[in-house]
Amino acid sequence: MDSLEIEKKYIEERVKVLRALEKSSGKKIIDRAADEKKRLIEKRIKEEYKNIIPVNMDQFFKIIFSDFEGINRITNFTVLEKTKNHLKVRMNKCWYAEIYRKLKAEDIGLKMVCMMDPVMNKALNPKIKMSRPKKLMLGHDCCIFEYWLKE
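Numbered according to the working numbering, the sequence shown terminates at residue 155, and the numbering increases by one at each position without gaps.
Here it is, written out as structure tokens:
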């Protein structure tokens, strides 16, 4: 079994666990799980990249769209604009969105995957601001990521 198959199994299990907890404890349990994941991801990012934080836009792009958790293996994206202070990316395919949508768990995917991005961005450089008007997880035709480095 390759790493993506293993990750898919983990996601399926997480969704089942979260749905069971949601049934017994209410919808807020998913928010609590996402809050804990945010805390953990922020800590991990700060530790993993402590020698280069705060990152510049080139470093940020490399980490977010290539290095972090092998994201470049499970996505397909096009850089629409890239300057010293601005980055705009169109993501045409996201493995996470595909998996969570097949499981009818887009709400969980949104909170446990998509909503981690602002946390990661802030951990890498709090001066990088983000907008994402379209999300594959929500059924849009793509994700649009736009970042600005405020100097």
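Glycine included, every Cβ here is placed at the ideal spot set by N, Cα and C.
Taking the beta strand (DSSP E) that residue 94 falls in, what are its first and last residues? 90-98
Would you grab the beta carbon distance between residue 124 and residue 49 for me? Rounded to a whole angstrom, and I think it's under 8 Å. 5 Å
Spatial neighbours of residue 46 within its chain, please: CB distance less than 6 Å, with the 5 preceding and 5 following residues excluded, ordered by chain position. Closer than 6 Å at Cβ, skipping near neighbours: 123, 127.
So, using beta-carbon positions, are residue 154 and residue 76 closer together than 9 Å? no
Might you give, ordered along the chain, the residues of its own chain that have their beta carbon closer than 7 Å to the beta carbon of residue 70, omitting 5 neighbours on each side? Excluding positions up to five away in sequence, the list reads 76.
Cβ-Cβ separation, residue 146 to residue 94 (assumed contact under 8 Å), whole Å: 5 Å
Taking all protein chains shown into account, do 16 or more other C-beta atoms lie within 10 angstroms of the C-beta of residue 8, making it buried, or fewer, making it exposed? That one is exposed.
Whole angstroms is fine: what's the gap from residue 65's alpha carbon to residue 134's? 13 Å
Is it the case that the Cβ atoms of residue 97 and residue 150 are separated by a distance below 9 Å? no
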